[in-house]
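Please read the structure below before turning to the comments.
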Amino acid sequence: SKRAGSHGCVVHDPSLTDPRADDALLSDDLDHALDRGELHVLYQPIVTLADARPVAAEALLRWQHPTRGRIPPDRFIPIAERSGAIARIGLWVLAEAAAQPFPASVNISPRQLREPTVVHDILAVLHRTGRDPRDLILEITESAIVDGEAVIDALRSLRTHGIRIAIDDFGTGYSSLQYLTRLPVDILKIDRSFVAELNGTPGGAAVTEAIIHLAGALTLTTVAEGIETAAQAAELQSLGCDKGQGYLYAEPLPAADVARTFVGSAAE
Ligand code: C2E
Ligand code: CA
Ligand code: CA
Ligand code: CA
């Protein structure tokens, strides 16, 4: 049998050998993370490209794990999706964001959007916090939207209350463009992989340019993600992109820091 050495104990850690076992461990931890205060939300300003004025901020979830330290959302959000924990966590993020004194853009996962009570739950949070629905943007991926008629009905209903709908990571999905014309959508977020191609090389702007033209034809607003250089910002602006976010302007920040940047500038 195993004998505890001078360090006290011998623990076989399945996470070291099996990634799925590690998912299961994280999933258990995530069940308690909210109640133990390990989750918090940072906010990344979204600005007008014309004058870098903040108009909203995207809520981005963070998990400070007690023993492992910071775990990135790309790691734990898919786990929360599979376990279903995302429904409760997502509503908590929404409530946090709705409590801030600036318009917020909140990521809604496909699983959350399929909850039969999603419309009621989102409106209840706005009601409880006394927020104007026009100050809320919901970010949804293409894959969630093409999920079916129930999801489209939910979005339509949310939109009649004044909530705006953004398609996140636009251009990275595999869905047909046809769906765009019949969808309740207000904003296209240009994925940062396309913004990264804006480096002055011929053809580098092709996809971004096509998305902006498409948005114009459908009278949708465009927001470019992951803007890191002034050259990218200038090129996006000359292509007709409306708004942007990225490290050039600000990284995700605590709410209080973002709130300060809105002082004196009217919300849009
Ligand atoms: P996303 O919605 O596409 O969010 C944008 C990601 O790009 C964020 O990563 C942000 O920190 C990062 N970013 C911002 N500016 C720049 C830049 O200039 N350069 C680069 N390279 N990256 C930039 P983050 O915070 O790690 O979030 C990753 C993903 O996790 C998000 O991608 C989103 O899909 C998901 N996520 C985050 N918070 C939530 C949430 O509350 N609910 C749900 N369902 N998903 C969330
Ligand atoms: Ca997003
Ligand atoms: Ca995105
Ligand atoms: Ca993304």
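Residues 442 to 709, numbered by UniProt numbering, are exactly what the sequence shown covers, in order.
Glycine residues also receive a C-beta, built at the ideal position from the N, C-alpha and C atoms.
Between the segment 576-584 and the segment 544-551 there are three or more C-beta pairs closer than 8 Å, enough to call the two in contact.
Between the alpha carbons of D492 and N640 lies a distance of about 21 Å. When secondary structure is reduced to three states using DSSP, A500 falls in the strand class. Note that the segment 526-541 touches the segment 562-581; at least 3 beta-carbon pairs, one per stretch, sit closer than 8 Å.
With respect to the 8 Å criterion, Q686 and P486 are classified as neighbours on the basis of their beta carbons. F635 is positioned such that its CB atom lies no closer than 8 Å to that of V626. I527 and W533 have their C-alpha atoms roughly 9 Å apart.
Cβ-Cβ separation between I520 and D464: approximately 5 Å, consistent with a contact (criterion under 8 Å). Close CB contacts of I604 within its chain, under the 7 Å cut and outside five residues either way in sequence, are with P574, L577 and L579 (chain order). Between T622 and L659, the C-beta gap is smaller than 8 Å, which places the two residues in contact.
Pairing P514 with E479 gives a Cβ-Cβ distance that is not under 8 Å.
In the DSSP annotation of this structure, Q619 is not part of any alpha helix (DSSP H), being labelled neither H nor E. Uninterrupted alpha helix (DSSP H) stretches at least 4 residues long and entirely within the segment 526-610 occur at 527-539, 551-554, 559-570, 583-586 and 590-601, given in chain order. In the DSSP assignment, A697 falls outside any beta strand (DSSP E) and within the unbroken alpha helix (DSSP H) covering A696 to F703. Per DSSP, I512 is one residue of the beta strand (DSSP E) stretching across G510 to I512. Shown here, A474 sits in a helix according to DSSP, grouped into three states. Our two residues, R600 and I606, have alpha carbons roughly 7 Å apart in a direct line. In the DSSP assignment, T649 falls within the unbroken alpha helix (DSSP H) covering A647 to A658. Every residue with a CB closer than 6 Å to a heavy atom of ligand 2 is listed here in chain order: E499, N548, E580 and D609. Listed as beta-bridge partners of L483 by DSSP are L501. L490 places its beta carbon 8 Å or farther from that of L501. In the structure shown, the three-state DSSP call for V626 is coil. Here E499 is buried. Its C-beta has 16 or more other C-beta atoms within 10 Å. Of H602, I631 and S598, the smallest CA-CA separation from G614 is found for I631.
At the C-beta level, S598 and V560 come within 8 Å of one another.
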